[in-house]
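So the number in the numbering used here is just where the residue sits in the sequence shown, counting from 1, plus 3.
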Amino acid sequence: MLKLIFMINRVEGMSYDHFVEHHRNRHAPLFTSIPEAERYVRKYTVSHPVPAENYPPRAYDGLTEIWFENREDHDAFFASENYRTLVNPDEARFIDMDSVAVMVTEEREVI
4 MLKLIFMINR VEGMSYDHFV EHHRNRHAPL FTSIPEAERY VRKYTVSHPV
54 PAENYPPRAY DGLTEIWFEN REDHDAFFAS ENYRTLVNPD EARFIDMDSV
104 AVMVTEEREV I
């Protein structure tokens with residue numbers, strides 16, 4: 004399983020609440036609406052920090068996880084016309100693309 008983790012921040016001038024609303028209620032449904040998401044994506048999550056006493060302040064405004072069965076599915080999804088013309092342009096509307104941190108992993112379950 005190929006797992007991508009994107010740590011993201013909001014664009015300058017956007018409130019945190021608006022960022023979360025857009026990520027959860029606009030971008031996520033747009034992402035899942037394209038047929039390639041059902042065909043190639045094994046798991047898709049969006050997460051946002053919550054107040055956590057005794058932990059450092061949040062480093063990012065949100066996190067997205069996308070899981071693929073293999074590299075071929077990853078490549079096919081991101082090369083698809085629907086992703087490139089519908090989903091990808093929306094990302095720049097709410098994500099500060101210059102601050103995105105990405106981790107590509109192969110998850111190994113321990114417990």
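All C-beta atoms, glycine included, are put in the ideal place defined by N, C-alpha and C.
Notebook entry, point to check: Helix or strand or just coil, what does DSSP make of residue 112?
Noted result: For the purposes of this step, residue 112 is identified with residue 109 of the sequence shown, where counting begins at 1. Residue 112: coil per DSSP, three-state reduction.
Margin query: Within 8 Å, do at least three Cβ pairs link the stretch 36-45 to the stretch 14-21?
Written below: A contact is defined here as three or more CB-CB pairs under 8 Å, and the stretch 14-21 fails this definition with respect to the stretch 36-45.
Next item on the list: May I have the straight-line CA-CA distance separating residue 102 from residue 113, to the nearest angstrom?
Entry: Numbered from 1 along the sequence shown, position 99 holds the residue referred to as residue 102. Numbered from 1 along the sequence shown, position 110 holds the residue referred to as residue 113. Looking at the backbone, the Cα of residue 102 and that of residue 113 are separated by about 31 Å.
Note to self: Quick check on DSSP: helix, strand or coil for residue 90?
What the structure shows: As a first step, residue 90 is located in the sequence shown; it is residue number 87 there, counting from the start. In this structure, residue 90 counts as helix in the three-state DSSP scheme.
Next item on the list: Report the partner residues of residue 50 according to the DSSP bridge assignment.
Entry: Locating residue 50 in the sequence shown gives position 47, counting from the first residue. Beta-bridge pairing links residue 50 to 66.
Notebook entry, point to check: Can you list, in chain order, the residues of its chain whose CB lies under 7 Å from that of residue 54, leaving out five sequence neighbours each side?
Noted result: Locating residue 54 in the sequence shown gives position 51, where the first residue counts as 1. Taken in chain order, the list of residues that qualify is empty.
Check: Is it true that the CB of residue 49 sits closer than 8 Å to the CB of residue 3?
Finding: The structure shown does not extend to residue 3, since the chain spans only 4 to 114, so no value can be given for it.
Check: Looking at C-alpha atoms only, which residue of 107, 23, 24 is the closest neighbour of residue 68?
Finding: Against the sequence shown, residue 68 aligns to sequence position 65. Of the candidates 107, 23, 24, the one whose C-alpha sits nearest the C-alpha of residue 68 is 107.
Check: Under 8 Å, do residue 64 and residue 28 count as touching if we go by C-beta distance?
Finding: Counted from its first residue, the sequence shown places residue 64 at position 61. Counted from its first residue, the sequence shown places residue 28 at position 25. No; because the gap between Cβ atoms is not below 8 Å, this pair is not in contact.
Item checked: Candidates 35, 7, 58, 8: closest to residue 90 by CA position -> Indexing the sequence shown from 1 puts residue 90 at position 87. Of the listed residues, the one whose Cα sits closest to residue 90 is 35.
Check: From residue 57 to residue 94, what distance separates their C-alpha atoms?
Finding: Stepping through the sequence shown from its first residue, residue 57 is reached at position 54. Stepping through the sequence shown from its first residue, residue 94 is reached at position 91. Their backbone Cα atoms lie some 32 Å apart in a straight line.
Item checked: Of the listed residues 39, 6, 51, nearest to residue 23 (C-alpha basis) -> Residue 23 sits at position 20 when you count from the first residue of the sequence shown. Of the candidates 39, 6, 51, the one whose C-alpha sits nearest the C-alpha of residue 23 is 51.
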